[in-house]
Amino acid sequence: MIIKDIKIFVCSPGRNFVTVKIITDSGIYGLGDATLNGREMAVSAYLEEHVAPCLIGRDPQAIEDIWQYLYRGVYWRRGAVTMAAIAAIDMALWDIKGKIAEMPVYQLLGGRSRKGVNLYAHANGSDITDTLNNAQKLIGQGFKALRLQSAVPGLKVTYGVLGDKKDYYEQQGDRPLPPEEDWCTTKYFAMVEDLFKEARKHLGDKVHLLHDVHSRLTPVESARLGKLLEPYNLLFLEDASIAENQDNYKLIRQHTTTPLAIGETYNTIWDCKDLIQNQLIDYIRTAATHAGGITPMRRIADFANMFNVRTAPHGAPDLSPICFSAHLHLNTWAPNFGIQEYVGLGNEQMQQIFLQDIRVEEGMAYVSEQPGLGIDFNEEAAQQYPYKRSYLPVSRLEDGTLWHW
Ligand code: GCO
Ligand code: MG
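For reference, each letter of the sequence shown is one residue, going 723 to 1127 in our numbering.
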């Protein structure tokens, strides 16, 4: 069997997705997600111009060799664009291998470790009451873990909370330039403890609560926040500080027992090596699409397992359903799986394009039993929703200084 053709699709059913389809001479094909929000066309060009020509004629079953060829072989290692491109190829090859073996991918990884995958849903709100009302609705739908985010009084926009806008695309209107948001740590601290105090009062002790800081705090501020939230028993505090310098987390860790999670922007195991081996975090949140595919996600999971770190893959709306499927296979297998972020199975247009049979019930997702990843891609439907240029926002402090978004 050889790789006969590789097609790259960029469609926008509400938001942009980059999809790779590897077609073999036997007719079997595989699908992968290469979406990099705000930089989609860079990955698409990388795949089209630099990756696809090198893979035509190769054995699609040599997943490991192809991964090494694209990572080690090119000299220019790592980086978000490169790793999203490699990720999509890797996912598509696992999909093909599963179809050849007539087994779902989780079986190829080592088989089932659990009956279903625990999810956490997002409860966002324009104020604390609104967030808690949304949380109650999700609890009513059976969710047992919730990420709580609430707008910060006095700021124009707060990450994770879009008010009446359904996504960041709508926020940009017809002028596709990065929207500008503001940040003030003092105003945030004035809100955040009340959010969790009220949440425990109204939602009780049984529901798991999580919170995303989206890298807005310095390490010492993160340490203070972790301590402040200890009484409310969070499942984890996500992205408290940027960890380009992984040592930042030593300071945070020394001061708090609130569990820590990070990793949604990481491209390789090297980005989290020190965090994991020094046990500075509790959950690693890498995504198959941004960390190079299923092959390295499996390595990260095994490495993390040695240090009592659990996996909690990123599950934002800017990862395609193909990535979500890949995560469900990894999560069904990984002995140290923790929890999966979940924002629904996509809008109506997405459901016409990405065809899947994932079941979500009572806050748990159940992986497809179809051979491979168990997801299909409707090319004609995708063509109806062409790419639209768009950006993620940027963030500035109130004096105008550019800050982490
Ligand atoms: C999360 C996230 C996302 C990101 C987005 C950026 O779900 O935890 O932080 O919402 O902001 O994926 O591309
Ligand atoms: Mg996040």
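Yeah, the Cβ is synthetic: ideal placement off N, Cα and C, and Gly gets one too.
Identity of the residues DSSP links to residue i by a beta bridge
{"i": "K909", "result": "According to DSSP, which records beta bridges pairwise, K909 is partnered with nothing at all."}
{"i": "D996", "result": "Note: D996 sits in no beta bridge, so no partner."}
{"i": "Y842", "result": "E1063"}
{"i": "P901", "result": "Looking at the DSSP assignment, P901 forms no beta bridge with any residue, so it has no partner."}
{"i": "R1118", "result": "D904 and L1124"}
{"i": "G1014", "result": "Bridge partners of G1014: none, in fact."}
{"i": "I745", "result": "D727 and Y751"}
{"i": "G795", "result": "DSSP, once it has assigned bridges, lists no residue as partnering G795."}
{"i": "R800", "result": "Note: R800 sits in no beta bridge, so no partner."}
{"i": "V732", "result": "V740"}
Span separating the alpha-carbon of residue i from that of residue j
{"i": "G1014", "j": "D1024", "result": "16 Å"}
{"i": "I984", "j": "V1031", "result": "11 Å"}
{"i": "N759", "j": "N738", "result": "7 Å"}
{"i": "Y768", "j": "A810", "result": "12 Å"}
{"i": "V942", "j": "S963", "result": "9 Å"}
{"i": "T990", "j": "W789", "result": "13 Å"}
{"i": "G820", "j": "G752", "result": "9 Å"}
{"i": "A1009", "j": "S1047", "result": "11 Å"}
{"i": "E1063", "j": "P775", "result": "35 Å"}
{"i": "A1087", "j": "R799", "result": "34 Å"}
{"i": "V929", "j": "L947", "result": "20 Å"}
{"i": "V742", "j": "A756", "result": "7 Å"}
{"i": "E986", "j": "L884", "result": "20 Å"}
Of the residues the options, the one placed nearest residue i, counting alpha carbons only
{"i": "E966", "options": "A945, D993, E986 and P1018", "result": "D993"}
{"i": "E915", "options": "I850, L973, F958 and K859", "result": "I850"}
{"i": "V839", "options": "N1000, V1089 and V874", "result": "V1089"}
{"i": "V740", "options": "G795, M813 and R794", "result": "M813"}
{"i": "P953", "options": "E920, R938 and Q976", "result": "E920"}
{"i": "K866", "options": "A857, S872, V874 and A873", "result": "A857"}
{"i": "L956", "options": "Y842, P1018 and V773", "result": "Y842"}
{"i": "L709", "options": "N1100, G1066, H933 and L939", "result": "Residue 709 is absent from the model: the chain starts at 723 and stops at 1127."}
{"i": "A1026", "options": "T1011, L1041, I1044 and G1060", "result": "G1060"}
{"i": "E824", "options": "E1091, T746, L1114 and R1118", "result": "E1091"}
{"i": "N1100", "options": "I725, M723, K729 and I724", "result": "K729"}
DSSP-derived helix/strand/coil call for residue i
{"i": "G764", "result": "For the sequence presented, residue 764 should be read as Ala rather than Gly. DSSP places A764 in helix when its eight states are reduced to three."}
{"i": "W1125", "result": "strand"}
{"i": "G820", "result": "helix"}
{"i": "G847", "result": "strand"}
{"i": "H1049", "result": "helix"}
{"i": "R737", "result": "coil"}
{"i": "D755", "result": "strand"}
{"i": "M1086", "result": "strand"}
{"i": "D916", "result": "helix"}
{"i": "T1033", "result": "strand"}
{"i": "I696", "result": "Any question about residue 696 goes unanswered here, given that the chain covers just 723 to 1127."}
{"i": "G948", "result": "helix"}
{"i": "H930", "result": "strand"}
{"i": "P775", "result": "helix"}
{"i": "D889", "result": "coil"}
{"i": "F865", "result": "coil"}
{"i": "P953", "result": "helix"}
{"i": "Y1005", "result": "strand"}
{"i": "Q871", "result": "strand"}
Within-8 Å CB hit, residue i to chain C
{"i": "S1042", "result": "Among the chains of the structure shown, chain C does not appear; only one protein chain is present."}
Practice prompt. Report yes or no: do the segment 994 to 1006 and the segment 973 to 982 share at least 3 C-beta pairs separated by less than 8 Å?
Written response: yes
Worksheet item: On the three-pair Cβ rule with 8 Å, is the segment 1051 to 1068 touching the segment 792 to 800?
Response: no
Practice prompt. Count the CB pairs spanning the segment 826 to 838 and the segment 889 to 899 that are closer than 8 Å, and state whether there are at least three.
Written response: no
Practice prompt. Take every Cβ of the segment 868 to 878, pair it with every Cβ of the segment 901 to 917, and state whether three or more of those distances are shorter than 8 Å.
Written response: yes
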